Amino acid sequence: MADYLVIVESPAKAKTIERYLGKKYKVKASMGHVIDLPKSQMGVDVEDGYKIKYITIRGKGDILKDLKKSAKKAKKVFLAADPDREGEAIAWHLAHALNVDENSQCRVVFNEITKDAIKDSFKNPRSIDTDLVDAQQARRVLDRLVGYNISPLLWKKVKKGLSAGRVQSVALKLIIDRENEINNFNPEEYWSIEGVFKKGKDTFEGSFYGMDGKKLELNSEKDVKEILDIMVDKKFSVDNVVKKERKRNPAKPFTTSSLQQEAARKLNFRAKKTMMIAQQLYEGIDLGKSAGGITGLITYMRTDSTRISETAKQEAKGFIEQTYGASYLGENKAEKQKGNAQDAHEAIRPTSILREPSMLKDKLSRDQLRLYKLIWERFLASQMAPAILDTMTVKMLNNNVEFRATGSTVKFKGFMKVYIEGSDDNQKEENRMLPDLEAGMEINAEEINPNQHFTQPPPRYTEARLVKTMEELGIGRPSTYAPTIDTIQRRGYVTLDNKRFVPTELGIIVIESLKEFFPEIIDADFTAKMENDLDAIEEGKIEWVNIVDDFYNGFQKRLAKAEEEMDKVEIRDEPAGVTCENCGHEMVYKMGRYGKFLACSNFPDCRNTKPILKDIGVTCPKCKEGNVVERKSKKQRLFYGCDRFPECDFVSWDKPIARPCPKCDSLLVEKRGKKETQIVCTNCDYKENSQG
């Protein structure tokens with residue numbers, strides 16, 4: 001029998017760590033929590049100082065029994081759960097269950113699963129951090145008090161199966177508030193005047209700026225006409241040329257939030273998928289015996305710190321110097337953390353920059369490789385020199401009417417040689433320099449084009465935007481973003497339309513029900529303050545029971561008032577205007593997990609259901625009888641098919657267009673890219689840019 005027992009959370013980690021530690025160590029997995037609050041009841045005694053009832057999780061009895069047996073035979077037990085509040089709580093529960101003194105040097109933490117990191121961590125064990133445990137307990141208790149009290153209230157007053165949570169309700173309200181902004185938005189007219197100018201063989205673009213050196217807004221066609229009337233022909237004189245050199249700094253290495261945002265933008269990953277793959281890369285991938293076997297490829301993926309260890313910086317420095325040259329080395333500055341960042345961990349980075357993504361092509365799945373490459377490139381770029389851009393601004397006059405043109409070109413790529421941060425707005429990287437112009441030159445405008453515009457409402461939240469907003473407002477912490485977003489979707493409170501969140505009627509009803517009686521539950525500032533209080537518990541500044549008690553005293557009164565005064569909401573089924581083909585009763589609209597669908601009003605005698613099909617106004621190109629409608633796959637991906645299915649099996653992932661190809665008379669479809677949409681023929685090489 002081994003002298004030492006080490007308990008980690010997952011079997012994948014157990015194998016790797018056991019190999020690093022050698023024969024004296026036996027490493028076993030707890031499979032996450034083995035002890036937790038019961039699912040069937042609140043498990044918190046609010047009458048007796050918020051005492052918590054913990055039980056062995058159903059199905060984990062044999063695991064705990066095996067760990068107890070192994071612990072009795074070992075000289076010493078080390079608890080090596082993940083390095084966060086959740087992991088500390090798991091270690092604390094195990095210590096009590098296995099009779100391990102929580103004040104002994106039994107806790108081992110590491111931010112990466114590499115041989116050196118593991119061996120170093122076992123040289124420096126510590127006692128269990130009860131402040132961390134208390135912060136986790138406080139979070140669990142607060143979530144229980146909210147969820148296990150408000151959810152049953154919603155079942156009685158609105159609909160069975162609903163839930164309300166401390167963080168999920170705020171996230172849902174953000175989405176609803178944005179939808180209200182869009183619905184209440186009044187577009188305002190504005191105009192621009194664009195010019196195409198020529199100097200020799202070169203042409204460039206410029207825009208109207210103002211009059212007499214002052215910026216001027218164009219609010220109507222009348223304003224535009226007045227400016228055009230002032231201008232004399234199309235001759236302009238160059239009044240001023242300003243040339244500058246500008247530095248552009250690299251993005252910082254990934255935190256949990258920025259990784260989720262960038263993976264959504266660049267890889268089209270959902271937050272849940274990003275975290276699942278990151279967990280795999282952290283716990284270890286089998287690289288083969290010659291490359292060290294199972295190896296952790298990235299550092300711990302739940303962090304809001306951008307700090308990097310000195311060892312990792314030096315390794316990156318050597319790699320940059322050898323691969324790109326000394327001029328590409330960045331300045332080695334100490335990272336300043338945000339006020340609420342928990343600096344216990346490093347940023348998310350590769351465990352070794354020397355493991356280039358190209359070396360791992362045959363070891364990783366496609367998605368694992370794509371995420372690893374993103375993390376590797378972001379970290380490497382963060383350690384590189386800024387890019388240097390030459391910029392040029394030209395001021396051109398026509399009878400005191402001022403147009404301006406700007407251009408820039410990359411003089412030195414720096415970090416941009418490796419990686420450029422994505423954008424929610426799909427902004428294109430401009431690298432266009434203006435021709436060589438000097439003050440006093442005369443140039444001609446080939447075109448002067450007035451353009452009418454209307455202000456646009458704020459965009460709906462994508463996952464990336466929602467995560468970013470939650471982080472900025474201090475709602476939740478790195479480990480909560482993905483499960484929060486997943487919960488509001490599973491509950492049917494929001495749906496995705498073109499990768500953007502749209503609240504359902506059910507989601508709106510839930511928030512309206514909470515607004516009057518539990519305003520703090522849906523208030524972003526209150527939730528952010530609660531997160532700061534949890535951080536203060538972690539730092540040992542506040543007792544967790546005091547925070548919970550302060551919250552519950554007011555909450556309890558509002559709960560009693562809601563029980564008495566909250567109106568019962570009757571969600572009536574809306575008639576769909578069609579009859580059931582099975583029994584002849586009227587079909588009605590129902591709300592399900594993925595939004596509305598059609599169901600027979602004669603339920604449960606008739607269980608006929610159908611999806612709501614949106615006709616896109618195109619005749620089926622295959623059978624020539626049916627119409628093409630929008631459908632959704634099992635994974636909720638939008639596709640197009642004939643409404644006569646299964647008689648006609650026409651399907652297309654791309655949206656068909658209601659006109660034939662002008663070249664060969666075949667079907668045209670709309671192909672959506674990341675930056676533009678094209679209309680292409682399904683039969684020949686015909687293409688055109690979409691105006692939609």
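Every letter in the sequence shown is one number past the one before it in UniProt numbering, and letter 580, counting from 1, is 580.
Glycine is no exception: its CB is placed at the ideal position from the N, C-alpha and C atoms.
This one's a predicted model, so the numbers in the text were calculated from it and none came from an experiment.
Excluding five sequence neighbours on each side, which residues of the same chain lie with their C-beta closer than 7 Å to the C-beta of residue i?
i	result
Lys-614	Val-629 and Glu-630
Lys-215	Tyr-209
Glu-586	Pro-575, Thr-579 and Ser-601
Lys-76	Tyr-4
In three-state terms, what does DSSP make of residue i?
i	result
Asp-615	strand
Asn-249	coil
His-96	helix
Glu-377	helix
Pro-125	coil
Gln-322	helix
Ala-387	strand
Gln-41	coil
Ala-536	helix
Asn-627	strand
Ile-657	strand
Asn-683	coil
Pro-503	strand
Val-569	coil
Pro-483	helix
Ala-74	coil
When burial is assigned at 16 or more other CB atoms within 10 Å of the CB, is residue i buried or exposed?
i	result
Lys-13	buried
Leu-354	exposed
Ala-387	buried
Glu-447	exposed
Ser-258	buried
Ser-305	buried
Asn-103	exposed
Glu-262	buried
Phe-639	exposed
Ala-439	exposed
Asn-111	buried
Glu-402	buried
Pro-604	exposed
residue 693	No answer is possible for residue 693: it lies beyond the span of the chain, which begins at 1 and ends at 692.
Thr-351	buried
Asp-343	Reliability of the predicted coordinates at Asp-343 is poor, the pLDDT of 47 falling under 50, and the value obtained from them is presented with this limitation in mind. By the neighbour-count rule (16 or more Cβ atoms within 10 Å), Asp-343 is not buried but exposed.
Whose C-beta lies closer than 6 Å to the C-beta of residue i among residues of the same chain, with five residues either side of it excluded?
i	result
Glu-179	Pro-503
Ser-237	Leu-397 and Glu-442
Gly-507	Leu-172, Tyr-493 and Val-494
Please report how far the alpha carbon of residue i lies from the alpha carbon of residue j, in whole angstroms.
i	j	result
Leu-434	Phe-204	7 Å
Asp-362	Ser-408	40 Å
Gln-556	Lys-156	18 Å
Met-31	Ser-479	18 Å
Gln-678	Leu-145	52 Å
Glu-217	Thr-391	25 Å
Glu-670	Leu-360	36 Å
Arg-378	Phe-254	7 Å
Lys-15	Gln-260	28 Å
Ile-375	Lys-273	15 Å
Ile-537	Ala-528	14 Å
Tyr-20	Gly-284	13 Å
Ser-40	Glu-563	21 Å
Glu-194	Glu-226	15 Å
Thr-114	Ala-482	26 Å
Met-42	Glu-539	27 Å
Thr-609	Tyr-589	10 Å
Lys-317	Gln-383	7 Å
Leu-94	Asn-498	45 Å
Ile-55	Leu-496	38 Å
Lys-68	Pro-125	21 Å
Asn-582	Cys-606	8 Å
By Cβ distance, which residues of its chain are closer than 8 Å to residue i, with the 5 residues on each side in sequence left out?
i	result
Gly-339	Note on Gly-339: pLDDT 47, under 50, position unreliable in the model; no value is reported.
Thr-487	Ser-163, Gly-165 and Gln-168
Cys-623	Cys-642, Arg-644, Glu-647, Cys-648 and Phe-650
Asn-186	none
Taking three-plus beta-carbon pairs below 8 Å as touching, is the segment 27-47 in contact with the segment 150-164? no
Please confirm if the segment 134-142 is in contact with the segment 530-545, defined as three or more CB-CB distances below 8 Å between the two stretches. yes
Is the segment 283-301 close to the segment 452-467, with three or more CB pairs under 8 Å? no
Check whether the segment 657-665 and the segment 678-687 touch, using three or more Cβ-Cβ pairs below 8 Å as the test. yes
Determine, using beta-carbon pairs with one atom in the segment 219-228 and one in the segment 186-197, whether at least three such pairs fall under 8 Å. yes
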